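Shown next, in structure tokens, is the structure this report addresses.
Protein chains: 2
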Amino acid sequence: MEIALAASQKHPAPLYTLGPLIHNPQAVEYLEQQGIRVKNKVGQITRGTVILRSHGVSSGDLEKVRKKGLKIIDATCPIVKKAHFFAKFLRRNGYFLLIVGDKDHPEVEAIRSYLDEKVEVVEQPEILSRLGPWKKLGIIAQTTQSFELFEKVVAASLYRAREVRVFNTICHATAVRQKEAVEIAKKVDCMIVAGGYNSGNTQRLSGICREVQPQTYHIETASKLNPNWLANKEKIGLTAGASTPSWIIHEVEKEIRRITDR
Amino acid sequence: MEIALAASQKHPAPLYTLGPLIHNPQAVEYLEQQGIRVKNKVGQITRGTVILRSHGVSSGDLEKVRKKGLKIIDATCPIVKKAHFFAKFLRRNGYFLLIVGDKDHPEVEAIRSYLDEKVEVVEQPEILSRLGPWKKLGIIAQTTQSFELFEKVVAASLYRAREVRVFNTICHATAVRQKEAVEIAKKVDCMIVAGGYNSGNTQRLSGICREVQPQTYHIETASKLNPNWLANKEKIGLTAGASTPSWIIHEVEKEIRRITDR
Numbered sequence: 000m001e002i003a004l005a006a007s008q009k010h011p012a013p014l015y016t017l018g019p020l021i022h023n024p025q026a027v028e029y030l031e032q033q034g035i036r037v038k039n040k041v042g043q044i045t046r047g048t049v050i051l052r053s054h055g056v057s058s059g060d061l062e063k064v065r066k067k068g069l070k071i072i073d074a075t076c077p078i079v080k081k082a083h084f085f086a087k088f089l090r091r092n093g094y095f096l097l098i099v100g101d102k103d104h105p106e107v108e109a110i111r112s113y114l115d116e117k118v119e120v121v122e123q124p125e126i127l128s129r130l131g132p133w134k135k136l137g138i139i140a141q142t143t144q145s146f147e148l149f150e151k152v153v154a155a156s157l158y159r160a161r162e163v164r165v166f167n168t169i170c171h172a173t174a175v176r177q178k179e180a181v182e183i184a185k186k187v188d189c190m191i192v193a194g195g196y197n198s199g200n201t202q203r204l205s206g207i208c209r210e211v212q213p214q215t216y217h218i219e220t221a222s223k224l225n226p227n228w229l230a231n232k233e234k235i236g237l238t239a240g241a242s243t244p245s246w247i248i249h250e251v252e253k254e255i256r257r258i259t260d261r
Numbered sequence: 000m001e002i003a004l005a006a007s008q009k010h011p012a013p014l015y016t017l018g019p020l021i022h023n024p025q026a027v028e029y030l031e032q033q034g035i036r037v038k039n040k041v042g043q044i045t046r047g048t049v050i051l052r053s054h055g056v057s058s059g060d061l062e063k064v065r066k067k068g069l070k071i072i073d074a075t076c077p078i079v080k081k082a083h084f085f086a087k088f089l090r091r092n093g094y095f096l097l098i099v100g101d102k103d104h105p106e107v108e109a110i111r112s113y114l115d116e117k118v119e120v121v122e123q124p125e126i127l128s129r130l131g132p133w134k135k136l137g138i139i140a141q142t143t144q145s146f147e148l149f150e151k152v153v154a155a156s157l158y159r160a161r162e163v164r165v166f167n168t169i170c171h172a173t174a175v176r177q178k179e180a181v182e183i184a185k186k187v188d189c190m191i192v193a194g195g196y197n198s199g200n201t202q203r204l205s206g207i208c209r210e211v212q213p214q215t216y217h218i219e220t221a222s223k224l225n226p227n228w229l230a231n232k233e234k235i236g237l238t239a240g241a242s243t244p245s246w247i248i249h250e251v252e253k254e255i256r257r258i259t260d261r
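Line by line, the protein sequences give chains A and B. The opening residue of the first sequence carries number 0 in numbering that gives the first Met the number 0; numbering runs sequentially from there. The opening residue of the second sequence carries number 0 in numbering that gives the first Met the number 0; numbering runs sequentially from there.
Pasting the structure below:
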């Protein structure tokens, strides 16, 4: 967000992001107000500056942007960049690569686009029994994946490979958030998870909380809070996805306090 | 066993093994009848031939044997040798090393003796939370360890390291035996595990079977079979440790058939 907003001050219009900068509609709306528009395809952009979003960009799109002579501002998350680095490192050193992640998440799609065919995206540990065996197996994760799935895939892979080399590419902040959210969810009577409905990590956060606290609700904004959820609840927990802007979290908190009068 | 028995034909007495060749008293007794005696310390041997046993030998003992000019016959299990190789490889490449195994098992003691201090033997995954964190972590296992523990330690280590490099050094035959024994134990009414009482892998095998079949009995020889265990049991399962000689397994099978008259 900071990189994009700074760019809107420094660079002349038009400014674009390739796909939404982050998976949060309110944040994207705010950026549009600052003159930063979303285009989903490079073909829709003819001139100006392109901001590469946090999830990274595919090799095909990057090439197109370069060919068109568009100005590039790289806002790829540095943690995502590290995942790219380790993925390439493992393939270069002869490891078959597993990416623990969602097949159609833009981050995973971008990472895959720089690699050859000896890569498999793993969404559940069960498929491991149908893959391999390998002599050398490398594993990385989508940066916002749940640690639980990562752990299960690595454990299952031990049966299928002589050597397993794992780089823990899960974003530390995300991992800590997931752990802490579960701890909170256990202690409260109702858990609110704030974040974009299209945000994979917010969905996961909400899923993880729901396992220990059935009264877990995923909302995008404060206006989606249902007072019935909070009625007669002594303790209410609140957490938010990695891409949820802090102003939205504050609004949700304020709204919870208003409804429950505390 | 074959290497040792062949040696007893080729080499003049005295012939020794450093510690019991394998963890099975009956097999060791048979070897003694063939003139191959057990000595627990190099100091007790002054001349002749030393057979290095399946578990491997510590660097200190090896040096002493060499200094004394004793003849060496290496009967170290080739799978154990591979574990030594990977342990050294990981340390040489800057990985802190975890050995999943029993601290006082001779195989683990031997492997450790060739390494420096940046090694930890892990008997339970819980201790991981008190170790590290590391940038580069290597993991191997005692060759006869349970896959379950190996899996748990690797999973727990993911929280403690940026990179985890695992060599699966568990003996394939042992791993398959454990898996199959559990499958059998689930389907029978009583499970017999034959093998040395001092054999770690037989103890583990029996422990793994007992989890799914409470009526699991670990015996060393056929004479230890209690007919009461088998009374009114429709299906009886039989498995044996890695070091259990086949003649003992056959004797146990014969005795089960005699007692149950089938």
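Every residue gets a Cβ at the ideal spot worked out from N, C-alpha and C, and that includes glycine. Computed from a predicted model, the values in this text were never measured in an experiment.
Residues of the stretch 164 to 182 of chain A that bring their beta carbon within less than 7 Å of a beta carbon in chain B comprise R164, V165, F166 and N167, in sequence order. At a beta-carbon threshold of 8 Å, the residues of chain B lying near R161 of chain A are F166 and N167, ordered along the chain. K178 of chain A has its alpha-carbon roughly 10 Å from the corresponding atom of A184 of chain A.
In this chain, the beta strand (DSSP E) harbouring C189 of chain B covers C189 to A193. A Cβ of chain A is located within less than 8 Å of the beta carbon of E150 of chain B. The C-beta separation of V152 of chain A from L114 of chain A comes to about 18 Å, leaving the pair out of contact by the 8 Å criterion.
At a cut-off of 8 Å, the C-beta of A154 of chain A has a neighbouring C-beta in chain B.
Secondary-structure assignment with DSSP links L96 of chain B through a beta bridge to B:V118 and B:G137. If you ignore the 5 residues before and after E250 of chain B, its C-beta comes within less than 6 Å of the C-beta of A221, all in its own chain and listed in chain order. When C-beta atoms of the stretch 193 to 203 of chain B are compared with those of the stretch 199 to 207 of chain A, fewer than three pairs fall below 8 Å, so the two segments do not count as touching. Check the Cα spacing between L148 of chain A and each of B:Y158, B:D103 and B:F149: the tightest is with B:Y158. Secondary structure of A241 of chain B (DSSP, three-state): coil.
Fewer than three beta-carbon pairs drawn from the stretch 239 to 254 of chain A and the stretch 7 to 24 of chain B are found closer than 8 Å, and the two stretches are therefore not classed as touching. C-alpha of S112 of chain B to C-alpha of K87 of chain B: approximately 11 Å in a straight line. The C-alpha of V163 of chain B is placed about 17 Å away from the C-alpha of G93 of chain A. Looking from the CA of G100 of chain B, the closest CA among B:I258, B:V181, B:A172 and B:H54 belongs to B:H54.
Residue pairing of H171 of chain A in beta bridges, as defined by DSSP: absent, with no partner found. At a cut-off of 8 Å, the C-beta of L157 of chain B has a neighbouring C-beta in chain A. Residue B:I169 holds the alpha-carbon nearest to the alpha-carbon of V107 of chain B among B:K134, B:I35, B:I169 and B:P213.
At a Cβ-Cβ threshold of 8 Å, L51 of chain B and L17 of chain B count as neighbours. At a Cβ-Cβ threshold of 8 Å, V192 of chain A and T215 of chain A count as neighbours. For A82 of chain B, the closest of B:L224, B:H171 and B:D260 by C-alpha to C-alpha distance is B:H171.
Taken atom to atom, the span from the alpha-carbon of F85 of chain B to that of K67 of chain A is near 50 Å. A Cβ-Cβ distance of about 19 Å is found for the pair S57 of chain A and A140 of chain A, leaving them out of contact under the 8 Å criterion. The beta-bridge partner set that DSSP reports for T215 of chain B consists of B:M190. For I71 of chain B, the number of other beta carbons within 10 angstroms of its own is below 16, and it is reported as exposed. Here DSSP, grouped into helix, strand and coil, assigns K38 of chain B to strand. When the alpha-carbon of G47 of chain A is set against those of A:E62, A:A6, A:Q32 and A:G131, the nearest one is in A:A6. The DSSP-derived three-state label of L61 of chain B is helix. In the three-state reduction of the DSSP assignment, R161 of chain A falls in the strand class, which pools E and B. The alpha-carbon separation between N167 of chain B and R161 of chain A amounts to approximately 5 Å.
Cβ-Cβ separation between Q212 of chain A and V187 of chain A: approximately 7 Å, consistent with a contact (criterion under 8 Å). Taking the Cα of K117 of chain B as reference, the smallest distance to any Cα among B:Q123, B:P105, B:P124 and B:P132 is reached at B:P132.
In chain order, T201, A239, G240 and T243 place their CB closer than 6 Å to the CB of G194 of chain B, counting only its own chain and leaving out the 5 sequence neighbours on each side.
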